[in-house]
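Enquirer: In this note's numbering, the protein residues as written are 1365 to 1422.
Each residue gets a CB set at the ideal place from its N, CA and C atoms; glycine is no exception.
Just so it is clear, the structure is predicted and the values come from calculations on it, not from any experiment.
First the structure, then my questions, so here it is.
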């Protein structure tokens, strides 16, 4: 998805806080963790995961 005006405003609004800032979206993909042999060990809970988006300001 494209950068929305709201997302850009939010990123630019906190850029002066002294830390890096990036846009992020909630994770909707299913993520699997695998063991050393490549077998699926578990499904990762995505509630606390986000996908990094552009822009990223450092």
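Once you ignore the five residues that flank residue 1404 on each side, which residues in its own chain have a CB closer than 7 Å to its CB?
Expert: Counting only Cβ-Cβ distances below 7 Å, and skipping sequence neighbours, we find 1396 and 1398.
Enquirer: Give the DSSP-derived three-state secondary structure of residue 1414 in the structure shown.
Expert: Correct three-state label for residue 1414: strand.
Enquirer: Counting C-beta neighbours from all protein chains within 10 Å, is the total for residue 1378 16 or more, i.e. buried, or is it exposed?
Expert: Counting Cβ neighbours within 10 Å, residue 1378 comes out exposed, since fewer than 16 surround it.
Enquirer: For residue 1386, which residues does DSSP report across the bridge?
Expert: Bridge partners of residue 1386: 1420.
Enquirer: Cα separation between residue 1369 and residue 1386?
Expert: Whole-angstrom Cα-Cα distance: 14 Å.
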